[in-house]
Ligand SMILES: [Fe+2]
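In this note's numbering, the protein residues as written are 245 to 767.
1) Considering only their Cβ atoms, is the gap separating residue 395 from residue 373 smaller than 9 Å?
2) If you run the structure through DSSP and keep just helix, strand and coil, what is residue 538?
3) Mind checking who residue 765 pairs with in its DSSP beta bridge?
4) Buried or exposed for residue 678, going by 16 or more other Cβ atoms inside 10 Å?
5) With a threshold of 16 other CB atoms inside 10 Å of the CB of residue 646, please say whether the residue is buried or exposed.
6) By Cβ distance, which residues of its chain are closer than 6 Å to residue 302, with the 5 residues on each side in sequence left out?
7) Could I get the ranges of all uninterrupted alpha helix (DSSP H) runs contained in the segment 559-601, with 4 residues as the minimum, in chain order?
8) Under a Cβ-count criterion, where at least 16 other Cβ atoms within 10 Å of its own Cβ denotes burial, should residue 246 be classed as buried or exposed?
9) So, with DSSP's three-state summary, where would you put residue 279?
10) With respect to 8 Å, is the separation between the Cβ of residue 291 and the closest non-hydrogen atom of ligand 1 below this value?
11) Tell me, which residues are paired with residue 462 by DSSP?
12) Less than 8 Å separating the Cβ of residue 365 from some heavy atom of ligand 1?
13) What does the Cβ neighbour count give for residue 660, buried or exposed, with the cut at 16 atoms within 10 Å?
14) Expressed to the nearest angstrom, what Euclidean distance is found between the alpha-carbon atoms of residue 767 and residue 691?
15) To which residues does DSSP link residue 274 through a beta bridge?
16) Can you have a look at residue 538 and say buried or exposed, based on whether 16 or more other CB atoms are within 10 angstroms of its CB?
17) Could you tell me if the beta carbon of residue 619 falls within a distance shorter than 8 Å of some heavy atom in ligand 1?
18) Quick one, what's near ligand 1 if you take every residue whose CB is closer than 7 Å to any heavy atom, in chain order?
19) Would you call the CB atoms of residue 558 and residue 248 closer than 9 Å?
20) Looking at the strands, I want to know which residues DSSP matches up with residue 703.
21) Just how far apart, CA to CA, sit residue 588 and residue 607?
22) So, helix, strand or coil for residue 341, using DSSP?
23) Hey, quick one: how far does the beta strand (DSSP E) through residue 406 stretch, first residue to last?
24) Quick check: residue 406 and residue 462, are their CB atoms within less than 9 Å of each other?
25) Taking buried to mean at least 16 other C-beta atoms within 10 Å of its own C-beta, is residue 251 buried or exposed?
26) My understanding is that residue 288 touches residue 737, with C-beta atoms under 8 Å, so please give their C-beta distance in whole angstroms.
What follows is the structure, given as structure tokens:
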């Protein structure tokens, strides 16, 4: 194979021994175009596994049929690479496979390594050379626990892999065990543990996660002892696992820094969603660029697998795949929606300015513009925005819409230039991947987003972001460059995908305005 062909990357819904997988997704590359969407966005079930709906949506967006696809690249986790002829389960129940749809075995390839797939996605998304890519998750292919690559573009050199069989998993597994001990879903609610950690005191040498520099091995063990009950006990366990994760990863990066030369560090795998870890790395290695890809967890496997297919077939990799805005485009609004929503309050370029005015006056505006962002965070395509310096607006956002736990602050977005001015050490955080400490002099600009330890999750916004005009206008109107940016959804639901989802949430919650592409609706 040496020519450009349409390539699909998938995360299979089920392993060969019958274990269902979460966080399914599909990614399609066709010429200089690319698409990607997670299964949960379409099925409306959070962390949904499988890729049946995602695959159908992307083929439709690209105007392709199954027969047009030259190569399907697939992965799972927690098993050895399956036999090339193995069924590719499109659902978690094991009832529907690629082969059932008539896809011949010679068009199916299994990515040989789950961690390689994570690393390829990371290497392409952060678009830098001389990058140390560290992959930490629950478990990869055939016992992969931690992997370290040096990347120059998509040229990856595998430096080392911890491959361990048995019940112990990687750093992500330990973090999941601690999260489960706190009474939450280990695979889906690690963010709660991360947020709670700021309220606790870490135990000394608890031995949950550590890095053995004598052999370069990441070690881990599940928490033992009685489950924590009081708030202090729970916060202390969260602080312990978070602190040990940070110390172990800082030690691992230091270990490789002493051996090899690199100017950036990228954390891939599910652990890459831990923005406090990335903040700690940025403080420990001020001379390095610290990044994570836009989809560090297993939905990102779909992107990594598509990239593996490109390399395998000699298909050029589209530049577009560096951007998270990969969802199918929003069509023109269906006329019957005007019966439901009324006429737009503003249409065309002025709609963004009117949305900014509404936000500046204390309103909450839902954004549903263009292609949705791939990955766990709303980055401006499917976002809820409100002023970051008004506690009243953020209280309303939480009380009437989000209902997050009180100990979980919201992320904020600002124009890249404003982030650089205030946080010179964090030149880039395009995917909201870093929690940076906010100096006391700046705390008033994002009061509701600064955590108890002064950390603040930041997104630096470039000209291509759908919210850039709103941010510019807000800056003019309020002199404050920061806006709260949180995912457009109701509690326990995935982020919205299409404008029907957007209208549903808008009409059933306390959102004041809804911007669908260039039409602004106001209640
Ligand atoms: Fe993974």
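Ideal Cβ placement from N, Cα and C applies to all residues, glycine included.
Let me lay it out:
1) In contact: residue 373 and residue 395 (Cβ atoms closer than 9 Å).
2) For residue 538, the secondary structure class from DSSP, reduced to helix, strand or coil, is coil.
3) Beta bridge pairing from DSSP links residue 765 with 758.
4) Counting Cβ neighbours within 10 Å, residue 678 comes out buried, since at least 16 surround it.
5) That one is buried.
6) Excluding positions up to five away in sequence, the list reads 270, 272, 279.
7) Runs found: 580-585.
8) Residue confidence for residue 246 is low, a pLDDT of 46 falling below 50, so the modelled location carries little weight; the figure read from the coordinates is stated next. Exposed, since its Cβ has fewer than 16 Cβ neighbours within 10 Å.
9) Of the three classes helix, strand and coil, the one that applies to residue 279 here is strand, per DSSP.
10) No.
11) Answer by DSSP bridge pairing, in chain order: 455.
12) Flag unset: Cβ of residue 365 not near ligand 1.
13) When all chains shown are included, residue 660 counts as buried.
14) Between the C-alpha atoms of residue 767 and residue 691 there is a straight-line separation of about 27 Å.
15) Answer is 277.
16) When all chains shown are included, residue 538 counts as buried.
17) No, Cβ of residue 619 sits at least 8 Å from all heavy atoms of ligand 1.
18) Those satisfying the condition are, in chain order, 321, 358, 362, 381, 382, 384, 513, 514, 541, 542, 545.
19) Yes. Within cutoff.
20) 657, per the DSSP bridge assignment.
21) Residue 588 and residue 607 have their C-alpha atoms some 17 Å from each other.
22) It is a strand residue.
23) From DSSP, the beta strand (DSSP E) with residue 406 extends over 399-407.
24) Their beta carbons are under 9 Å apart, which means residue 406 touches residue 462 by this criterion.
25) Taking a 10 Å sphere around the C-beta of residue 251, we find 16 or more other C-beta atoms and assign the residue as buried.
26) A Cβ-Cβ distance of about 7 Å is found for the pair residue 288 and residue 737, placing them in contact under the 8 Å criterion.
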